[in-house]
Amino acid sequence: MMHLEVAVAAPVTETFTYSFSGEHGSLQPGIRLLVPLGKRQVTGYLLAIHLAAPTEYKIKPVTEILDQEPLFPASIIPFFRWISRYYRYPLGEVIKHALPGGLTSQSGKKIYLTAEGSNALPQFLEEYKGTAPTWIAQLLHKGSLTPAAVRKIKTPKWKKQLEKWQAEGLISIEDLISSGQTKAKTEICISVNTPLSSTELSTLKPSEKKTFLLLTELQQTSLADVPRKELVHIYPGAAKAVINLEGKGIVSFSTRQIFRDPFGEQPPHFEKPVTLTEEQQAVMSHLSPFLHRKEFATFLLHGVTGSGKTEVYLRAAEEVCRRGRAVLILVPEIALATQMEGHFFSRFGQDNVAVLHSGLSTGERYDQWCEIAQGKTQIVIGARSAIFAPLKDPGLIIVDEEHDGSYKQDDSLRYQARDLAVLRGSQQKCTVILGSATPSLTSFYHATKGKYQLLSLHKRVADRPQPEVTIVDLKKTKPIAGLPPLFSPLLLEAITSNLEQNNQSLIFLNRRGYANLLLCSDCGNPVQCRHCRVSLTLHKEKKTLICHHCGHTAKSAILCPHCRSHHIKEIGFGTERIEAELHQRFPTATIARLDRDTAGSRSSFLKILKAVHNREIDILIGTQMITKGHHFPHVTLVGIIWADAGLGIPDFKAGERTFQLISQVTGRAGRGEKPGKVIIQTHQPDHYAITCARQHDYLSFYHKERQLRKMLRFPPYSRLINIRFSGESEENVNQAAQLISRQITRLSVSSAVTVLGPVASPLSKLRGRYRWQLLLQAHRYQDLHAVCDSLAQAPPALIRSGKVKMSVDVDPENML
DNA sequence: AGCACGCCGACT
DNA sequence: GTCGGCGTGCTC
Ligand SMILES: [Zn+2]
Ligand SMILES: [Zn+2]
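Residue numbering for the first sequence follows numbering that gives the first Met the number 0, beginning at 0 and increasing consecutively.
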């Protein structure tokens with residue numbers, strides 16, 4: 000008899016112990032189990048196996064073993080435990096988050112209507128007139144209810160009714176467990192075994208002959224086995240013929256995984272450069288000794304855009320692979336589809352690199368995951384969630400663009416993947432490289448304090464000069480109709496001359512839509528989202544008003560919700576308006592826009608990028624989507640419409656984000672042969688985030704920002720936890736926040752923890768829920784955790800009852 | 001999260 | 001009297 004430590008996918012803090020008396024040779028940490036939890040059956044993750052020992056509580060046996068092979072290695076379990084504690088999230092839920100989706104099995108009930116039931120139920124519905132729940136009609140109509148539909152029946156009244164019907168024999172209820180198993184997506188392929196002579200060919204039936212010839216031709220042109228689907232599509236008669244041919248041993252069937260490429264094209268190939276630059280060599284010689292040891296070390300690779308960071312990653316990965324250890328590369332979500340993947344494919348071969356991206360279907364993702372878990376793939380590239388990749392022994396973890404905001408998950412499990420990369424490195428004794436042209440303040444601070452080792456690449460490859468940057472003060476440009484113009488004369492001139500020279504221009508504005516503020520001219524009220532306290536954004540192309548926070552849409556033929564007036568003023572601007580105005584000013588130019596509206600999917604995104612690459616586009620307008628990791632060799636002009644847009648956000652990271660964004664956009668100019676030019680339009684031409692970005696001067700920015708943070712005691716000079724409250728009643732939410740605030744003030748007798756707030760969140764209503772927050776600040780994070788621990792001990796009734804939801808954001812980055 | 005238990009008001 | 005509302009607490 001064995002005792003198993005199991006983390007269940009439920010919001011419980013502790014792990015549970017279950018007994019197992021079967022053959023335990025097959026048990027390994029990392030497999031899923033089905034276990035009883037109270038009255039239901041839930042998925043659990045096996046963490047440890049012990050010999051049975053007496054316990055104070057009763058122990059239930061495991062219901063079923065769900066996996067033969069572990070989904071994650073035992074070596075990653077301490078990582079999960081740490082995350083659970085630090086981010087204050089139940090361990091089972093942490094693991095559920097880490098694993099690819101579609102794996103959590105659930106117990107469920109399926110309901111069938113019996114013959115008696117189908118006679119009795121119509122009468123029942125009749126009696127209830129329109130007041131009976133819709134699922135009864137559904138049951139009558141389809142004869143059964145799916146587990147998902149059954150789960151939605153919550154009212155005790157109707158649950159009782161179901162039991163009654165079951166007793167009366169009107170329905171039958173079947174218990175079932177949905178395995179949640181996702182399977183690989185495969186297709187059947189056909190290949191010719193041996194070429195046939197013309198005499199052999201003549202013995203075949205006409206359909207077989209035709210199929211055979213077609214198959215041979217297709218196989219020769221594609222140099223691969225031919226999918227049956229494709230064959231049958233061209234010649235429907237082939238369906239039957241291939242079966243005959245297979246019977247005669249002329250062709251054979253095989254299954255292969257469907258590899259969906261959004262373009263039907265291979266990613267670009269990159270040759271390995273023969274020599275490294277001097278700087279790259281220096282970096283490598285510093286790095287190399289660490290890559291060969293099984294030891295934890297973190298490096299901050301500060302390299303300006305175009306200085307060749309990627310080559311350093313590739314060489315480091317080569318060295319680690321040679322020693323048989325695995326490599327994990329994290330990249331920002333939107334950069335995934337492009338460069339990095341191509342570089343690693345070219346160097347290591349496509350079959351040796353697993354890419355975890357959002358374009359994968361559940362099945363494909365699951366396949367990739369299993370290959371990694373079974374040690375078949377030693378190189379993994381992915382976005383934020385790839386930090387959980389089930390590599391047994393990573394020797395190198397790379398975080399590219401480490402400052403990027405997408406590494407922080409902003410809901411449920413609010414982890415920071417870059418921080419977790421460093422943690423995983425320390426737990427699994429490996430090298431961690433954080434790379435960026437504009438490192439996050441915290442990372443650079445750690446580098447100056449010796450916690451990380453700083454590696455620098457200052458020179459651009461091939462000594463390309465930094466682009467020439469001009470700042471335009473929008474306050475001084477001549478207003479049009481009382482408002483500053485969208486385009487300064489300088490920017491317009493630059494675009495014009497760029498068009499004449501047949502060069503590409505990039506126009507950046509980090510806001511989608513046409514107009515982001517709609518005001519009633521008669522009563523002056525803004526048109527707001529029904530569910531959020533924000534203005535709706537007008538999207539003229541889609542003819543809709545969209546809430547950028549909850550996705551709510553409304554018809555754009557609108558009336559003022561207050562006075563029913565038709566006179567609505569379109570204030571503010573986004574990329575769509577920029578595009579419209581540029582169309583007007585440059586009617587002959589080809590203009591494209593790259594933002595979530597035009598490039599929502601991976602394929603549409605790549606399509607636009609490709610058009611820019613092929614020089615089919617003269618002017619590209621975009622949000623921050625254009626900034627991530629794409630080379631635009633023919634872009635010689637970058638225009639930033641409103642550089643200080645982000646500075647107004649009430650958030651200690653506003654300056655840092657603005658500097659990083661402008662620096663990155665600026666870096667898009669002049670990456671090819673021709674020199675680049677950048678024009679920054681702003682209302683705050685003297686702000687250090689803008690002036691430093693203009694000078695390409697990271698260090699000055701760092702020192703300015705560092706001093707500010709020090710004064711205000713913000714990270715890296717303190718640790719923060721943001722406690723968020725939300726609920727349907729503003730009154731309750733406010734009250735809960737006040738209550739908790741007082742509780743904390745009472746608790747922290749020591750002055751270690753400073754309480755800021757509570758205040759209504761800047762986004763004070765979102766998705767129909769009112770929001771308040773409370774910021775805790777301390778020097779040591781242990782003090783913050785101690786406060787949260789004691790809060791968890793005795794939560795107020797408002798929170799226990801679920802009227803107000805309280806969630807803890809450790810190391811918050813977004814204060815909205 | 002679910003699910004049961006238990007305690008109160010408002011109906012047969 | 002009991003039916004059904006919700007507040008409270010537990011799940012190996
Ligand atoms: Zn009005
Ligand atoms: Zn909204």
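Yeah, the Cβ is synthetic: ideal placement off N, Cα and C, and Gly gets one too.
The structure displayed is predicted, hence computed values, not measured ones.
Specify, as a first and last residue, the run of the alpha helix (DSSP H) that residue i falls within.
i	result
residue 738	729-746
residue 710	697-711
residue 582	574-584
residue 339	338-347
residue 289	277-290
residue 589	Residue 589 -> no alpha helix (DSSP H), and no H or E assigned at all.
Cutting at 8 Å between CB atoms, please list the residues of its own chain near residue i, excluding the five before and the five after it.
i	result
residue 112	120, 138, 139, 142, 143, 169, 170
residue 712	753, 776
According to DSSP, is residue i helix, strand or coil?
i	result
residue 540	coil
residue 819	With the chain represented from 0 up to 815, any question about residue 819 goes unanswered, as that position is not in the structure.
residue 818	Examination of residue 818 is not possible in this model, given that the chain is present from 0 through 815 alone.
residue 259	Any reading at residue 259 must be qualified, since the residue scores a pLDDT of 42, below 50, and its modelled position is unreliable; no value is offered.
residue 171	strand
residue 268	coil
residue 181	The predicted position of residue 181 is uncertain, since its pLDDT is 48 and thus under 50; no value can be drawn from it.
residue 123	helix
residue 723	strand
residue 76	helix
residue 470	strand
residue 659	helix
residue 49	strand
Considering just the uninterrupted stretch of the beta strand (DSSP E) at residue i, what are its terminal residues?
i	result
residue 638	634-639
residue 769	768-777
residue 66	Run containing residue 66: none; DSSP gives neither H nor E here.
residue 808	803-809
residue 353	352-355
residue 519	516-519
residue 399	393-399
residue 441	It is not in any beta strand (DSSP E) - residue 441 instead sits in the alpha helix (DSSP H) that spans 440-447.
Give every residue of the same chain whose Cβ lies closer than 6 Å to the Cβ of residue i, excluding the five residues on either side of it in the sequence, and list them in chain order.
i	result
residue 759	771
residue 542	555
residue 417	398, 401, 406
residue 364	99
residue 536	512, 515, 545, 547
Might you give, ordered along the chain, the residues of its own chain that have their beta carbon closer than 7 Å to the beta carbon of residue i, omitting 5 neighbours on each side?
i	result
residue 676	466, 467, 493, 635, 636, 668
residue 189	214, 224, 225, 227, 230, 241, 250, 252
residue 93	79, 82, 83, 412
Would you tell me roughly how many angstroms separate the C-alpha atoms of residue i and residue j, rounded to the nearest one?
i	j	result
residue 423	residue 13	22 Å
residue 702	residue 406	24 Å
residue 646	residue 655	9 Å
residue 26	residue 165	39 Å
residue 199	residue 609	48 Å
residue 167	residue 799	39 Å
residue 607	residue 664	18 Å
residue 283	residue 319	13 Å
residue 602	residue 357	12 Å
residue 873	residue 303	For residue 873 there is no data in the structure shown, the boundaries of the chain being 0 and 815.
residue 421	residue 312	16 Å
residue 235	residue 362	29 Å
residue 657	residue 650	12 Å
residue 692	residue 717	26 Å
residue 613	residue 498	16 Å
residue 559	residue 506	33 Å
For residue i, verify whether its CB is less than 7 Å away from any heavy atom of ligand 3.
i	result
residue 533	Ligands present in the displayed structure are limited to ligand 1 and ligand 2, and ligand 3 is not among them.
- Message: For the segment 396-412 against the segment 68-79, do three or more pairs of beta-carbon atoms, one drawn from each stretch, fall closer than 8 Å, so that the two count as touching?
- Response: Output reads no: the segment 68-79 does not touch the segment 396-412.
- Inter-stretch contact at 8 Å, needing at least 3 Cβ pairs: the segment 297-308 / the segment 338-349: Output reads no: the segment 338-349 does not touch the segment 297-308.
- Message: Count Cβ pairs between the segment 707-721 and the segment 790-800 that sit closer than 8 Å; are there 3 or more?
- Response: As far as the Cβ criterion goes, the segment 707-721 does not touch the segment 790-800, which means the pair count is below three.
- Are the segment 582-589 and the segment 510-529 in contact at 8 Å, needing three or more beta carbon pairs? Short answer: they don't touch.
- Item | Cβ contact check for the segment 4-22 and the segment 36-52: 3 or more pairs under 8 Å | With a cut-off of 8 Å, the segment 36-52 and the segment 4-22 count as touching, because enough Cβ pairs lie within range.
- Does the segment 451-461 come close enough to the segment 270-286 that 3 or more CB-CB pairs lie under 8 Å? The answer is yes - the segment 451-461 touches the segment 270-286, with three or more Cβ pairs under 8 Å.
- Cβ pair count under 8 Å reaching 3, the segment 720-734 against the segment 497-512: Cβ pair count under 8 Å is below three, so no.
- Query: Does the segment 14-34 touch the segment 50-64, meaning 3 or more C-beta pairs lie closer than 8 Å?
  - Reply: Short answer: they touch.
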